[in-house]
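**Student:** So that we are looking at the same thing, I have put the structure below in structure tokens.
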Amino acid sequence: MELHPSVLAAALLIEAAAGYPDALYAQIRHPVVWIGALIAQLDRALNRERDSFAIRKAAGVLALLVLLLVVGGAASAVAGLCRHLPLGGLLEAALASTLLAQRSLHDHVAAVATAFRDGGLEAAREAVSRIVGRNPASLDEHGVSRAAIESLSENFSDGVVAPAFWLLVGGLPGIALYKAINTADSMIGHRTPRHEAFGWAAARLDDLVNLPGSRLSALLIWVAARFTEGADAAESWRSVRRDAHRHRSPNAGWPEAAMAGALDLRLGGPRVYGEVRIEDAWMGPGRTAATAQDITRALHLYRRACIALVAGALLLALTL
702 MELHPSVLAA ALLIEAAAGY PDALYAQIRH PVVWIGALIA QLDRALNRER DSFAIRKAAG
762 VLALLVLLLV VGGAASAVAG LCRHLPLGGL LEAALASTLL AQRSLHDHVA AVATAFRDGG
822 LEAAREAVSR IVGRNPASLD EHGVSRAAIE SLSENFSDGV VAPAFWLLVG GLPGIALYKA
882 INTADSMIGH RTPRHEAFGW AAARLDDLVN LPGSRLSALL IWVAARFTEG ADAAESWRSV
942 RRDAHRHRSP NAGWPEAAMA GALDLRLGGP RVYGEVRIED AWMGPGRTAA TAQDITRALH
1002 LYRRACIALV AGALLLALTL
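Our numbering applies: residue 702 is where the sequence shown begins, and numbers increase by one.
Next comes the structure, spelled out in structure tokens:
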């Protein structure tokens, strides 16, 4: 199997430095928006409410196969072209960088801490509503702070580490296929009357492809905690071993538990989405009373975890 560590390292550095420019988004939107448009079209065409549960489940499998064929085919064609061009590896890295989210994730979570400082709880609720699906009106200061840190932890896995892993393994097609699966899960992988059957395949495949990233993200947070003042690396690891498997998601508990242990917090637990209360296990042994200062501490840890990821990619590029 051919790995792509040089492309990965370059993509991580490009995205950390430049993100996805607003001017480019205004002109052509974003690749995930294009993927989402295709998923929405497949949902409208194939997910018919008059069909039985089994037929809608099979239709969801078909929709996922079509999505992967289209996205994988397009990405493979572009990657093949890149590899025949001068500096094609750098071009492939630049294209792949659009599917990573180090910078944007940092900025969205930092906006919650800034909102607390500048506008108080109501402003923080508005800021956190942009990154989590739970009902912001149900959150007090501690709830908003925990939600921001939980989002940072989970999205470090599925917005940074997991796509980086699949970029390493499969180049541009690998990361594009991962983002197609992840976007499908976020759009149709819900246990709602419309999508419980149709989104079954997307949800199960998303769980599978996120297994490596979730474990690696916990490891990177633990490494970062060893080099972050005030963070507890030993408790980070203990929390992962004790709590990660207790989360209702097979993947989200790993980075959440690692972050919670490192920062002496309790994350997860019961939460409200719309009017629905979801019961979940607590991650970590520490305080539930998280604050805006804890968001800032989590961001310090996150930045070091990203540095550890880049360092690992550079080491692989130099040794393979």
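C-beta: ideal position from N, C-alpha, C; glycine also.
In this structure, how does DSSP classify Arg988 when only helix, strand and coil are distinguished?
**Tutor:** Strand.
**Student:** Buried or exposed for Leu765, please, with buried defined as at least 16 other CB atoms from any protein chain shown within 10 angstroms of its CB.
**Tutor:** Burial state of Leu765 is buried, judged by a 10 Å Cβ sphere holding 16 or more other Cβ atoms.
**Student:** Between Leu791 and Ala711, how many whole angstroms is the CB-CB distance? I'm expecting something under 8 angstroms.
**Tutor:** 6 angstroms
**Student:** Which one or two residues does DSSP pair with Ile979 in a beta bridge?
**Tutor:** Arg972
**Student:** Please report how far the alpha carbon of Phe754 lies from the alpha carbon of Ala898, in whole angstroms.
**Tutor:** 6 angstroms
**Student:** Tell me which same chain residues have a C-beta within less than 7 angstroms of the C-beta of Ile922, skipping the five on either side of it?
**Tutor:** So the qualifying residues of the chain are Ser937, Pro956, Ala959, Met960, Ala963, Leu1002 and Ala1006.
**Student:** From Val829, Arg749, Asp808 and Tyr726, pick the residue whose C-alpha is nearest to that of Phe817; which is it?
**Tutor:** Val829
**Student:** Give me the Cβ distance between Leu966 and Ile850, rounded to the nearest whole Å; I'm assuming they're in contact under 8 angstroms.
**Tutor:** 7 angstroms
**Student:** Beta-carbon separation of Leu806 and Phe866 under 9 angstroms?
**Tutor:** no
**Student:** Consult DSSP for Leu966 and reduce its assignment to one of helix, strand or coil.
**Tutor:** strand
**Student:** So for Ile996, helix, strand or coil by DSSP?
**Tutor:** The answer is helix: DSSP assigns Ile996 an H, G or I state.
**Student:** When the Cα atoms are used, what is the spatial distance from Gly688 to Pro864?
**Tutor:** The structure shown does not extend to residue 688, since the chain is modelled only from 702 through 1021, so no value can be given for it.
**Student:** Pull up the distance between the alpha-carbon of Leu770 and that of Ala945, whole angstroms please.
**Tutor:** Whole-angstrom Cα-Cα distance: 34 angstroms.
**Student:** For Leu1015, which residues in the same chain have their Cβ closer than 6 angstroms to its Cβ, ignoring the five residues on either side in sequence?
**Tutor:** Ala710
**Student:** Measure from the alpha carbon of Leu822 to the alpha carbon of each residue in Ala993, Ile1008 and Arg1004, then state which is nearest.
**Tutor:** Comparing Cα-Cα distances from Leu822 to each of Ala993, Ile1008 and Arg1004, the minimum goes to Ala993.
**Student:** Quick check for students: name the residue ranges of the beta strand (DSSP E) that lie wholly in the stretch 889-916, counting only runs of 3 or more.
**Tutor:** none
**Student:** Quick check on DSSP: helix, strand or coil for Pro864?
**Tutor:** helix
**Student:** Let me make sure I understand the geometry here. Which of Ser852, Arg947 and Ala795 has the alpha-carbon closest to that of Ala1067?
**Tutor:** Here the chain comprises residues numbered 702 to 1021, so residue 1067 is not present and cannot be evaluated.
**Student:** Compute the beta-carbon to beta-carbon distance between Arg978 and Pro971, rounded to the nearest angstrom, for a pair I have assumed lies under 8 angstroms.
**Tutor:** About 6 angstroms; that satisfies the 8 angstroms criterion.
**Student:** When you compare each of Val733, Tyr974, Thr997 and Gly900 to Ser798 by their alpha carbons, which one comes out closest?
**Tutor:** When each option's Cα is compared against that of Ser798, the closest is Val733.
**Student:** For Gln742, count neighbouring Cβ atoms within 10 angstroms of its own Cβ and tell me buried if that reaches 16, exposed if not.
**Tutor:** Classification of Gln742: exposed, given that the 10 Å Cβ count is below 16.
**Student:** Just to confirm, are Ala885 and Ile740 a CB contact at a threshold of 9 angstroms?
**Tutor:** yes
**Student:** Using the three-state DSSP reduction, which class does Asn883 fall into: helix, strand or coil?
**Tutor:** helix
**Student:** Note down, in chain order, each residue of its chain lying with its Cβ closer than 7 angstroms to the Cβ of Ala991, except the 5 sequence neighbours on either side.
**Tutor:** Here Ala991 has His843, Ser846, Arg847, Ile850 and Leu966 as same chain residues with Cβ atoms under 7 angstroms from its own Cβ, once five neighbours each way along the sequence are excluded.
**Student:** Are there 16 or more other CB atoms within 10 angstroms of the CB of Gly914, so buried, or fewer, so exposed?
**Tutor:** buried
**Student:** In terms of residue numbering, what span does the alpha helix (DSSP H) encompassing Val813 cover?
**Tutor:** In the DSSP annotation of this structure, the continuous segment of the alpha helix (DSSP H) that includes Val813 starts and ends at Gln803 to Val829.
**Student:** At what residues does the alpha helix (DSSP H) containing Leu768 begin and finish?
**Tutor:** Phe754 to Cys783
**Student:** Measuring straight from C-alpha to C-alpha, what distance separates Lys758 and Tyr879?
**Tutor:** 21 angstroms
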